[in-house]
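Below you'll find the structure, written out as structure tokens, and then a few comments.
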Amino acid sequence: LFMPFLFLSPSTQAGNPYVTEGNERLWMNRIADRMEPYLRASGINVTRNDPEGTVGTSIRASNAGNYDFHLALHSNAAPPQSAGTVRGIDLYYYPGSTDGLRMANILADNLREIYPLPQRVRPLASTSITEIRRVRAPSVLAELGYHDNRADAEWIENNLEAIARSLTLSVTEYFGVPFLSPRPEREGVVSVNSGNLLLRGAPATTARILARMPNGAPVRILNSYDDWSVVDYDGLLGWAKSEYLRPLP
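Just add 75 to wherever you are in the sequence shown, counting from 1, and you've got the numbering used here.
Shown next, in the form of structure tokens:
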């Protein structure tokens, strides 16, 4: 089972204008902004790149951590001779990366449900894209449409929430955790008779242990699923048995 640590890398390319308004960095960061509450609600630890940085700074930040997946969010542009005429979603992974291919296929399946041209959503192997070639974690670079095509640009702008939900659903499928919508968070404490309460990477007693939480430790209870809760323990997200958590009034 994976540990749920995601590096989320929306485009830093403010110089790529949309045919409508804004630019690639603006719209990809708006999608990432909407993903974060769903990722948190589902117990996935997420680190963002620096929006003021470059591809190089994003790669270095990713490689400096111990991430289980690197997901880059971009939009595309056609070559000058076909500018504005191409549509589609391309999900690039590094050839030979079984985890990259698996995520690309999951992303494609879910994006086909919401993109108006599902036959044009495709996983593609690539050795030329730096952000999947040089990151240590398994990775996908998602080109979520063509920003020089008005229909694609408008689809992105008008479906930020649906795209964010679809991408997060794919991440939860990849990590093997349920997709949960955000709920009001509650303060709580660990309540065990002896020993520690285990914080795990997924709602299963076989999932990897992320931390051991002592009795009385303060936590934030973010969500629940069956007899498990999503917990924020000192900034670390994971899953713990609900019966050993006491919400505070």
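Glycine residues also receive a C-beta, built at the ideal position from the N, C-alpha and C atoms.
At what residues does the alpha helix (DSSP H) containing residue i begin and finish?
i, result
"residue 112", "99-116"
"residue 78", "Premise fails: residue 78 is in no alpha helix (DSSP H) and is neither H nor E."
"residue 235", "235-250"
"residue 130", "130-139"
"residue 206", "205-208"
At the level of alpha carbons, what is the spacing between residue i and residue j?
i, j, result
"residue 296", "residue 125", "28 Å"
"residue 237", "residue 317", "30 Å"
"residue 115", "residue 133", "21 Å"
"residue 222", "residue 265", "48 Å"
"residue 103", "residue 216", "12 Å"
"residue 279", "residue 120", "17 Å"
"residue 276", "residue 160", "44 Å"
"residue 97", "residue 137", "27 Å"
"residue 267", "residue 113", "29 Å"
"residue 84", "residue 131", "11 Å"
Would residue i count as contacting chain C if we go by Cβ distances under 8 Å?
i, result
"residue 250", "Note that chain C does not occur in the displayed structure, where there is just one protein chain."
First and last residue of the beta strand (DSSP E) that includes residue i?
i, result
"residue 86", "It is not in any beta strand (DSSP E) - residue 86 carries neither H nor E in the DSSP assignment."
"residue 284", "284-289"
"residue 302", "Careful: residue 302 lies outside any beta strand (DSSP E) and carries neither H nor E."
"residue 176", "Counting along the chain, residue 176 falls outside any beta strand (DSSP E), though it belongs to the alpha helix (DSSP H) covering 173-186."
In this structure, how does DSSP classify residue i when only helix, strand and coil are distinguished?
i, result
"residue 168", "strand"
"residue 263", "strand"
"residue 277", "coil"
"residue 142", "coil"
"residue 214", "strand"
I'd like the list of long-range same chain contacts for residue i, defined as Cβ closer than 6 Å, with 5 residues on each side in sequence excluded.
i, result
"residue 199", "165 and 167"
"residue 239", "106, 109 and 110"
"residue 218", "149, 151 and 165"
"residue 178", "215 and 249"
What does a CB cutoff of less than 8 Å around residue i pick up in its chain, not counting 5 residues either side in sequence?
i, result
"residue 88", "98, 99, 100 and 149"
Within 7 Å: the Cβ of residue i and any heavy atom of the ligand NAD?
i, result
"residue 247", "As for the ligand NAD, it is missing from this structure, which has no ligand bound."
Using C-beta distances below 7 Å, list every residue in its chain close to residue i, excluding the 5 sequence neighbours before and after it, in chain order.
i, result
"residue 300", "253, 255 and 278"
Touching by the beta-carbon criterion (3+ pairs, under 8 Å), the region 203-212 and the region 166-183: yes
Using a Cβ distance threshold of 8 Å, determine whether the region 287-294 contacts the region 308-316, with at least three qualifying pairs required. yes
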